[in-house]
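First residue of the sequence shown? That's 2 in this note's numbering, and the numbers climb one at a time after it. Even for Gly, the Cβ is constructed at its ideal location relative to N, Cα and C. What follows is a single structure, written as structure tokens, with notes after it.
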Amino acid sequence: MKAVILAGGFGTRLSEETDLIPKPLVEIGGLPILWHVMKLYSAAGLNDFVICAGYKASMIKRYFASYFLETNDIEIHTATREVRYLTPKSLDDWTVKIIDTGLNTMTGGRIKRVGPYLDGTFCLTYGDGVANVDIAEVIAFHRSHGKLATVTAVPSPGRFGILDMDGNDAVSRFHEKPDAEMGWINGGFFVLEPGVIDYIEADETTWERQPLERLAADGQLVAYRHSGFWKAMDTLRDRRDLEDLWASGSAPWKLW
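Spelled out as structure tokens, the structure:
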């Protein structure tokens, strides 16, 4: 099963970092937050990634093109140009497709653009959020209900979109970023069937708007409730909070 990661936005609320690098490459503990997200999926046995790049896509390509070089100590012989890796640290067995989905393409459009690389049920998340969610359990939950889409719902901190759910966890309505409303929100970590691509019209389509709203209205969106740790890195303060957790040696999302 493939894991699709949305990693193409401008990250304007973290401009202190993203003026120079794309947000998914902002580091937590010396490693890009994108790497942390991928390790969550890898811990669940998913090692086939499709990264939807856009803003500064070339930097994400270069990072993975030199991934082994980036993550290991090396010895270089300048006369022979030989590079020797010392006590290799990188044991990740990943396949990573990096697709430039356009500079101004919206989230839905990015998903539609990578549709040709998807061959069945797939996972989807954002390249700037981590959680201690059990991804294997989310996948099992998705397979149990037979609908097109599963969204991981997390308790609202009061500044995100709201999911309305019935007693069976079916999502009856999805409405993004209300002015003042509490409840459960879209925490990412979706599991989706290829049929969701048909709900996306074009590059201008925002995944969190029409597609999720229509899936909910059609009874095809079900929520997996996760009440554990979840955090999106939207601001410099968020980055510092995540950095402190990682430095403490007890980062809740470190499931590997």
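Contact fails between the region 130 to 147 and the region 64 to 72, because fewer than three Cβ pairs, one in each stretch, are under 8 Å apart. Cα atoms of Ala4 and Gly130: separation of roughly 14 Å, rounded to the nearest angstrom. Taking a cut-off of 8 Å for Cβ pairs, the region 146 to 156 and the region 219 to 227 touch, as three or more such pairs fall below it.
Asp101 is positioned such that its CB atom lies closer than 8 Å to that of Ala54.
Under the DSSP assignment, Phe123 falls in the beta strand (DSSP E) whose first and last residues are Phe123 to Tyr127. Cβ contact annotation for Gly189 (same chain, cutoff 7 Å, sequence separation greater than five): Thr126, Tyr127, Gly130 and Thr153, in chain order.
The C-beta separation of Gly147 from Ile198 comes to about 18 Å, leaving the pair out of contact by the 8 Å criterion. Per DSSP, reduced to three states, the secondary structure at Arg226 is strand. Cβ atoms of Gly121 and Tyr56 stay farther apart than 8 Å, at about 29 Å. Thr13 carries a helical assignment under DSSP once its states are collapsed to helix, strand and coil. Residue pairing by DSSP places Glu83 opposite His78 in a beta bridge. For Asp49, the uninterrupted beta strand (DSSP E) run begins and ends at Asp49 to Ala54, by DSSP.
One alpha carbon belongs to Ser43, the other to Ile201, and they sit about 28 Å apart.
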